[in-house]
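Numbering (UniProt numbering), first residue to last: 1 to 303.
C-beta: ideal position from N, C-alpha, C; glycine also.
In structure tokens, the structure reads:
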């Protein structure tokens with residue numbers, strides 16, 4: 001027993017030695033910027049102070065509570081994140097189920113399916129901005145040819161339609177990434193489970209609900225959390241397509257922070273926005289992770 005305990009102790013020490021460089025790197029590139037942002041957030045530093053830091057305590061956070069533009073950008077971020085992540089998860093799961101089947105040319109289809117995700121986001125945003133153009137866009141041209149409209153729809157000039165357009169562009173780009181993640185999980189599920197379940201007379205839906213979905217939950221959890229964090233911090237796609245317009249309808253938090261810091265040179269308030277956004281993101285990810293893990297444990301117990 002003593003030898004076994006000593007062996008485990010040495011293995012743990014070796015593991016910590018190997019992990020230490022990676023942890024230090026994460027601490028430097030992740031923790032330091034957040035701590036630095038928090039330090040800057042308790043100072044007022046803008047053109048009014050001639051860019052000299054003046055200690056202001058929690059004034060920047062008090063100001064944020066009454067900042068209507070911040071709350072509007074937070075709402076736009078929430079709408080965009082929720083709509084895009086849910087759509088990408090459902091479509092990605094459907095694509096993964098199709099790609100998991102055996103058919104001619106499956107390898108080529110799998111390879112080409114990842115192309116939208118591999119393309120630069122700014123390029124994708126520029127392409128979709130032209131596609132949704134009210135005068136020369138492909139979408140309006142197709143609708144005219146089908147006789148559904150007579151005059152072009154100003155997709156990026158209407159608050160609701162602009163949000164739909166940017167969500168659609170993000171879903172088109174990122175769904176392949178979700179499908180690849182879920183496809184890897186599907187391929188790890190043994191076909192013997194499906195064969196044994198089908199012998200008992202189970203339908204395809206029952207196999208999906210009782211075998212595929214529970215065993216795929218780890219990959220779903222990873223995909224949802226990863227995409228949630230990405231979508232919450234979206235910047236380049238919306239910056240290229242709408243610039244946050246019209247009337248701030250698609251101005252997400254990252255765009256507002258960019259304008260505060262780079263356009264208005266309000267560094268202290270911009271740092272406070274970064275800190276609060278980070279805390280909101282961490283809280284949302286923690287809640288989502290807790291709920292998904294709870295559902296996973298409940299489903300695993302049912303199996």
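From the options, residue whose alpha carbon lies closest to that of residue i
i: residue 275; options: 179, 286, 154 and 31; result: 31
i: residue 250; options: 121, 238 and 260; result: 238
i: residue 289; options: 277, 231, 236 and 226; result: 226
i: residue 253; options: 19, 58, 67 and 15; result: 67
i: residue 230; options: 90, 10 and 121; result: 121
i: residue 153; options: 40, 131 and 285; result: 131
i: residue 287; options: 263, 224 and 248; result: 224
i: residue 174; options: 36, 217, 210 and 93; result: 93
i: residue 294; options: 263, 196, 217 and 248; result: 217
i: residue 101; options: 124, 191 and 285; result: 191
Rounded C-alpha distance that separates residue i from residue j
i: residue 70; j: residue 50; result: 24 Å
i: residue 127; j: residue 133; result: 10 Å
i: residue 27; j: residue 21; result: 10 Å
i: residue 104; j: residue 76; result: 43 Å
i: residue 46; j: residue 52; result: 7 Å
i: residue 278; j: residue 38; result: 11 Å
i: residue 65; j: residue 215; result: 43 Å
i: residue 108; j: residue 172; result: 19 Å
i: residue 242; j: residue 17; result: 48 Å
i: residue 99; j: residue 110; result: 7 Å
i: residue 29; j: residue 166; result: 30 Å
i: residue 265; j: residue 162; result: 28 Å
i: residue 15; j: residue 281; result: 30 Å
i: residue 261; j: residue 240; result: 19 Å
i: residue 151; j: residue 138; result: 13 Å
i: residue 189; j: residue 116; result: 27 Å
i: residue 91; j: residue 54; result: 50 Å
i: residue 169; j: residue 129; result: 9 Å
i: residue 125; j: residue 63; result: 33 Å
i: residue 283; j: residue 136; result: 43 Å
i: residue 48; j: residue 35; result: 25 Å
i: residue 198; j: residue 19; result: 45 Å
i: residue 106; j: residue 119; result: 21 Å
i: residue 145; j: residue 164; result: 22 Å
i: residue 291; j: residue 211; result: 20 Å
i: residue 196; j: residue 206; result: 13 Å
i: residue 147; j: residue 140; result: 10 Å
i: residue 13; j: residue 40; result: 37 Å
i: residue 200; j: residue 285; result: 39 Å
i: residue 24; j: residue 123; result: 35 Å
C-beta atoms of residue i and residue j nearer than 7 Å
i: residue 83; j: residue 176; result: no
i: residue 182; j: residue 219; result: yes
i: residue 44; j: residue 270; result: no
i: residue 88; j: residue 178; result: yes
i: residue 204; j: residue 60; result: no
i: residue 213; j: residue 96; result: no
i: residue 235; j: residue 85; result: no
i: residue 208; j: residue 81; result: no
i: residue 149; j: residue 156; result: no
i: residue 73; j: residue 258; result: no
i: residue 159; j: residue 33; result: no
i: residue 79; j: residue 57; result: no
Host alpha helix (DSSP H) of residue i (start-end)
i: residue 172; result: 159-187
i: residue 62; result: 59-65
i: residue 206; result: 204-207
i: residue 80; result: 68-99
i: residue 304; result: Look at the range of the chain in this structure, 1 to 303, and you will see that residue 304 is not part of it.
i: residue 116; result: 115-118
i: residue 130; result: 121-131
i: residue 237; result: 236-241
i: residue 191; result: 191-199
i: residue 254; result: 253-258
i: residue 141; result: 138-145
Paired residues, beta bridge with residue i - DSSP
i: residue 54; result: 44
Below-7 Å beta-carbon distance, residue i vs any chain D residue
i: residue 270; result: Among the chains of the structure shown, chain D does not appear; only one protein chain is present.
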